[in-house]
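J.: For what it's worth, the UniProt record's numbering labels the leading residue of the sequence shown as 1, then goes sequentially.
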Amino acid sequence: MAVDSSSGHVIGCLGLVALRDGNVALKKMFVAKPYRKLGLGKKLLEEFITYCYENSKKAIFLGTTSDFEAAQYFYQKSGFKEITSADLPEDFPRLTMDNCYYTDYIN
1 MAVDSSSGHV
11 IGCLGLVALR
21 DGNVALKKMF
31 VAKPYRKLGL
41 GKKLLEEFIT
51 YCYENSKKAI
61 FLGTTSDFEA
71 AQYFYQKSGF
81 KEITSADLPE
91 DFPRLTMDNC
101 YYTDYIN
């Protein structure tokens with residue numbers, strides 16, 4: 001979670017869901033509109049990847065929608081590779097609106 005130190009407001013967050021076999025799901029990544037394009041999303045994702053590395057996680061999986069083109073570009077630019085839903089771990093928490101999936105291998 002990212003908090004604006006001057007106001008105390010939450011300005012960004014993401015969620016982690018532990019999966020079997022050392023995998024994790026990245027869920028609900030969000031940066032408040034006034035704070036976008038400032039590198040906050042990149043910083044949140046870097047911290048998340050560092051956490052995964054330090055805790056011996058194997059891979060990160062995530063889903064988004066084709067409508068969120070900026071999110072797709074962000075994940076691709078951050079090194080995530082597009083995969084199909086068939087490539088997701090069996091225990092990945094799927095949302096009906098998601099139709100684009102990505103992964104990044106950590107270890």
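Glycine included, each C-beta is placed from N, C-alpha and C at the ideal position.
Tell me the DSSP secondary structure of PHE61 in three-state form.
T.: DSSP places PHE61 in strand when its eight states are reduced to three.
J.: Which residues bound the alpha helix (DSSP H) around TYR35?
T.: Here TYR35 belongs to no alpha helix (DSSP H), and DSSP marks it neither H nor E.
J.: For the stretch 82 to 89 against the stretch 38 to 54, are there 3 or more C-beta pairs whose distance is under 8 Å?
T.: No, the stretch 82 to 89 does not touch the stretch 38 to 54.
J.: Using a beta-carbon distance below 9 Å, is ILE106 in contact with chain D?
T.: No chain D is present in this structure, which holds just one protein chain.
J.: Give me the Cβ distance between ALA59 and ILE106, rounded to the nearest whole Å; I'm assuming they're in contact under 8 Å.
T.: Contact holds; Cβ gap of about 6 Å.
J.: Entirely within the UniProt domain "N-acetyltransferase" (1 to 107) and at least 4 residues each: give me those alpha helix (DSSP H) ranges in chain order.
T.: Segments of the alpha helix (DSSP H) lying fully in the UniProt domain "N-acetyltransferase" (1 to 107): 40 to 54 and 69 to 77.
J.: Going along the chain, which residues of its own chain have a beta-carbon closer than 8 Å to the beta-carbon of HIS9, five neighbours each way excluded?
T.: Excluding sequence neighbours, HIS9 sits near VAL3 and ALA32.
J.: To the nearest angstrom, how far is it from the Cα of GLY15 to the Cα of SER7?
T.: Distance between the alpha carbons of GLY15 and SER7 is about 22 Å.
J.: Out of LEU44, GLN72 and PRO34, point me to the one whose CA is closest to TYR102's CA.
T.: Out of LEU44, GLN72 and PRO34, GLN72 has the C-alpha closest to the C-alpha of TYR102.
J.: What's the C-alpha gap between SER56 and PRO34?
T.: One C-alpha to the other measures close to 34 Å.
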